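S.K.: Chains as they are written, first to last, in the numbering used here: chain A, 118 to 441; chain B, 6 to 332; chain C, 4 to 272.
(1) With a cut-off of 8 angstroms on the beta carbons, I'd call residue 411(A) and residue 208(A) a contact; round off their distance for me.
(2) Only counting runs of 4 or more residues, tell me where the alpha helix (DSSP H) segments fall wholly within the region 87-136 of chain C, in order along the chain.
(3) Whole angstroms are fine: how far does the CA of residue 77(B) sit from the CA of residue 218(A)?
(4) So residue 264(B) contacts chain C; which residues on that side make the cut at Cβ distance below 8 angstroms?
(5) Quick one: which chain B residues come within Cβ less than 7 angstroms of residue 431(A)?
(6) For the region 234-266 of chain A, list the alpha helix (DSSP H) runs that are entirely contained and at least 4 residues long, ordered along the chain.
(7) List the residues that DSSP assigns as beta-bridge partners of residue 74(C).
(8) In the structure shown, what three-state DSSP assignment does residue 54(B) receive?
(9) Report the rounded CA-to-CA distance for residue 8(C) versus residue 102(C), giving the unit in angstroms.
(10) Measuring only between beta-carbons, confirm whether residue 49(B) sits less than 8 angstroms from chain C.
(11) Pull out every residue of the region 346-371 of chain A whose Cβ sits closer than 7 angstroms to any Cβ of chain B, in chain order.
(12) Against chain B, which members of the region 24-51 of chain C pass a CB distance test of less than 9 angstroms?
(13) What are the residues in the region 223-238 of chain C lying within 7 angstroms of chain B by C-beta distance?
(14) Buried or exposed: which applies to residue 325(B), given that a residue is buried once 16 or more other Cβ atoms fall within 10 Å of its Cβ?
(15) Can you tell which of 255(A), 325(A), 313(A) and 394(A) has its C-alpha closest to the C-alpha of residue 221(A)?
(16) Out of curiosity, what's the CA-to-CA distance linking residue 54(B) and residue 82(C)?
(17) When you compare each of 17(B), 238(B), 209(B) and 248(B) to residue 228(B) by their alpha carbons, which one comes out closest?
(18) In the structure shown, what three-state DSSP assignment does residue 371(A) receive?
(19) How would you call residue 320(B), buried or exposed, if buried means at least 16 neighbouring beta carbons within 10 angstroms?
(20) What is the DSSP secondary structure of residue 242(C), reduced to helix, strand or coil?
(21) Could you check where the alpha helix (DSSP H) with residue 137(A) kicks off and where it finishes?
(22) How is residue 235(B) classed by DSSP in three states: helix, strand or coil?
(23) Let me know if residue 185(A) comes out buried or exposed under the rule of 16 or more other beta-carbons within 10 Å of its beta-carbon.
(24) Using C-beta distances below 7 angstroms, list every residue in its chain close to residue 8(B), excluding the 5 sequence neighbours before and after it, in chain order.
(25) Using a Cβ-Cβ distance under 8 angstroms, would residue 106(C) count as near chain B?
(26) Could you tell me the boundaries of the alpha helix (DSSP H) in which residue 70(B) lies?
(27) In three-state DSSP terms, what is residue 25(B)?
(28) Could you check whether the Cβ of residue 125(B) sits closer than 8 angstroms to any Cβ belonging to chain A?
(29) Which of the three DSSP states, helix, strand or coil, is assigned to residue 214(A)?
(30) Return helix, strand or coil for residue 405(A), following the three-state DSSP convention.
(31) Residues of chain B with CB closer than 8 angstroms to the CB of residue 196(C), please, in chain order.
(32) Whose Cβ in chain B lies nearer than 8 angstroms to the Cβ of residue 240(C)?
(33) Applying the criterion that 16 or more other CB atoms from any shown protein chain within 10 Å of the CB defines a buried residue, is residue 123(C) buried or exposed?
(34) Under 7 angstroms Cβ to Cβ from residue 271(B), same chain only, skipping five residues before and after it: list those, please.
(35) Just verifying my parser: in three-state terms, what is the DSSP assignment at residue 213(B)?
(36) Mind checking whether residue 94(B) and residue 341(A) have CB atoms under 8 angstroms apart?
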């Protein structure tokens with residue numbers, strides 16, 4: 118319990134630190150949102166100045182920060198200049214879309230990686246394992262960018278999949294089943310791209326962890342007791358190899374909001390990625406900070422989640438923790 | 006009486022990283038009667054752990070059984086199908102491996118691990134399984150079985166872990182238990198307790214046992230016969246009392262002389278130099294000809310350099326592989 | 004004659020339980036007193052968990068006792084500051100049970116033995132190499148082993164290496180913590196002879212921690228038996244063997260497997 122509280126405190130401090138840094142960096146980057154406006158000769162400088170005053174951009178940085186902090190405490194994440202709407206709702210919608218994508222992809226990737234990794238480790242060094250190793254190495258080497266673009270080309274050429282977006286035009290008019298199918302079709306390629314980019318690393322990790330455990334004395338002892346092969350591999354080997362994999366899973370969860378940035382942008386998936394990209398380019402300060410903080414919360418929660426899982430799964434960690 | 010186990014002409018080797026074959030056991034030959042306790046005495050490099058592993062085909066991936074037969078109840082274990090082998094392992098022959106500290110799964114409760122060993126061969130429903138596991142644990146832990154069942158291996162002492170391994174080994178009432186250095190890391194009091202436990206269990210269930218150790222004193226009053234292993238070959242085999250009190254093979258003799266003559270009260274004996282066996286254990290990868298003990302033997306003869314001695318009977322039950330006794 | 008090592012009422016508590024200040028302290032050492040005369044061997048026996056290794060660590064100045072005092076060559080060690088203790092440490096060396104975990108697997112034998120010399124910063128490279136070769140000769144390790152790594156050596160050779168390393172700084176007292184327990188019988192005999200030779204040629208004093216009564220009876224001038232953090236019995240070897248008084252001593256003696264008795268030795272303890 119104390120452990121949890123301590124971690125929660127750390128998280129809070131971390132969030133403070135990140136928000137300050139983000140504020141600082143945004144302030145340090147040359148220009149601000151209204152510079153674009155100033156270039157536009159149709160808008161008078163007075164209007165620009167007035168707008169700037171309205172958004173308090175002429176106040177000193179620390180003041181703006183405190184002001185922002187204050188409004189966050191009241192649940193108001195600020196205002197987006199570009200979209201002319203509060204940041205909060207904007208972020209939630211986009212985040213939900215991203216989560217839909219990444220949660221599906223992460224689940225799928227892990228469900229595939231575990232059996233593949235175990236299967237490969239059980240045949241270590243032999244032909245099937247080698248083939249899998251080469252495949253995963255090849256996939257690792259190919260940049261996500263190329264993968265996503267490749268899939269996009271596939272979509273365009275074959276017409277089997279939509280080339281972007283969350284749902285088709287006229288989505289509302291469809292029946293629930295058709296809606297599901299429509300959504301699934303739209304999700305298919307981005308999810309596939311994400312799975313392809315995450316799977317190789319997961320498989321290699323599972324394979325490595327399990328292979329290391331396969332040599333362990335307790336596994337030989339279990340073999341000597343006549344424990345059947347499948348139970349040996351999954352109930353004993355995988356379980357013993359779980360620690361590094363649990364940490365990895367925590368990272369996977371943590372990266373749910375941030376890992377799909379590239380794929381979303383290329384495949385025009387209306388998620389957090391494209392929003393943040395636009396916001397950074399447009400100097401839409403509060404959107405950027407809000408987005409970064411949200412990603413940060415997820416990342417840190419993911420880490421915390423991994424630690425809690427480890428604590429629950431490994432009795433040795435529980436003993437060591439209570440001994441302190 | 007038909008022997009329960011017959012090992013005939015067993016040859017086992019390992020592949021070195023260079024690809025060369027390095028022999029570990031050569032021509033090992035012995036029988037085991039039902040309910041008998043055989044002590045295998047050997048030092049490092051004698052091949053004792055290889056012997057234990059080979060009997061159940063549990064050698065590491067670079068090990069190779071080159072020739073020989075291991076007949077258990079009429080079946081040749083070296084040619085048994087994987088399914089039959091799995092049924093025999095733990096079900097009819099148990100192996101207690103050498104390292105109790107790492108032979109138990111680190112994140113599973115101990116009771117669960119014993120249940121798994123039981124369930125591997127006996128399809129039981131959950132409540133019967135739990136009951137039988139409880140009984141098993143009570144056999145090895147007269148007090149405290151309930152608490153131990155819920156513990157994890159790292160919460161137990163060395164002696165307690167060893168008892169859990171024993172519980173797993175006897176779970177399915179095997180006819181033969183092979184114990185590889187079961188008391189190696191334990192202090193003498195715990196050692197005695199474990200040996201006593203083995204003795205009780207073997208008598209109660211009529212199990213035969215092969216106890217592998219490097220300490221001859223452990224086998225007194227425990228083993229029925231002793232097999233002395235040197236350089237992967239059987240040097241001597243015979244009844245315990247005979248082998249320990251009047252060893253015939255030069256190696257056995259030299260080994261027993263190395264032990265400190267303890268409990269001697271005369272000052273003159275204490276702090277005197279102990280007898281040692283000259284030289285070092287042989288490097289089997291060199292494939293030397295002749296008797297493997299010859300370089301260190303005080304009784305060596307010309308013939309020892311060229312040929313390997315075959316086993317010769319010194320008495321009805323006592324067999325020695327040494328040219329001193331050859332026909 | 005002044006004892007080389009004298010310990011009085013040594014107490015060492017470890018915190019067991021959740022917090023460092025909790026009441027459930029584990030008394031690893033509960034008032035230990037003993038003394039060792041120079042150039043003799045004291046064997047310390049006891050069951051697992053009796054506190055033998057903790058005592059070894061305290062004597063070697065690797066752990067600070069909770070209370071009590073240790074005198075080495077008449078100088079009170081426990082009262083010294085860290086910088087002074089650093090000067091005492093080289094004179095007390097440890098050899099452990101498992102050479103595999105106390106020898107750096109990535110270093111060669113030469114590097115392992117010369118490490119203490121290197122740390123002391125008192126010798127030139129040439130001197131170090133010469134001293135190392137002398138040490139390897141002393142422990143009868145052939146010179147060609149100098150370039151081998153620990154995993155290329157046998158158990159006995161590893162232990163010789165550990166002893167050579169312990170000798171590097173010319174200590175007066177060597178603590179052997181179960182140093183022979185993991186070795187084969189014939190190798191134990193060799194190392195035992197080596198230890199006796201070194202003791203007579205270099206004037207070493209040994210604290211021999213073991214639970215093997217047979218070897219203790221062979222090597223030691225005096226025996227002390229520990230049980231639950233205390234010394235329950237101590238005295239000359241012959242006396243302890245002939246007239247063991249305390250229950251702990253008697254049960255250890257009874258449990259020691261003996262070749263001499265060919266009858267049924269397994270006694271209910």
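For glycine and all other residues, C-beta sits at the position ideal for the given N, C-alpha and C.
These figures come from a predicted structure and were not determined experimentally.
M.R.: In short, the structure shows the following:
(1) 6 angstroms
(2) 102-105 and 112-123
(3) 59 angstroms
(4) 188, 192, 217 and 262
(5) 112
(6) 244-258
(7) 9(C) and 79(C)
(8) helix
(9) 26 angstroms
(10) By this cut-off, residue 49(B) is an interface position.
(11) 353, 356 and 357
(12) 44, 49, 50 and 51
(13) none
(14) Residue 325(B) comes out buried.
(15) 313(A)
(16) 51 angstroms
(17) The option with the nearest alpha carbon to residue 228(B) is 248(B).
(18) helix
(19) exposed
(20) helix
(21) 119-145
(22) DSSP places residue 235(B) in strand when its eight states are reduced to three.
(23) buried
(24) 36, 37 and 38
(25) no
(26) First-last for residue 70(B): 68-77, but that is the beta strand (DSSP E), not the alpha helix (DSSP H).
(27) coil
(28) yes
(29) helix
(30) helix
(31) 278, 279 and 281
(32) Taking a Cβ-Cβ cut-off of 8 angstroms, the neighbours of residue 240(C) in chain B comprise 275, given in sequence order.
(33) Exposed, because fewer than 16 other Cβ atoms sit within 10 Å of the Cβ of residue 123(C).
(34) The predicted position of residue 271(B) is uncertain, since its pLDDT is 47 and thus under 50; a value taken from the coordinates is nonetheless stated next. Excluding its 5 nearest sequence neighbours in each direction, residue 271(B) has no C-beta neighbour in its own chain below 7 angstroms.
(35) Under the three-state reduction of DSSP, residue 213(B) is assigned to strand.
(36) yes
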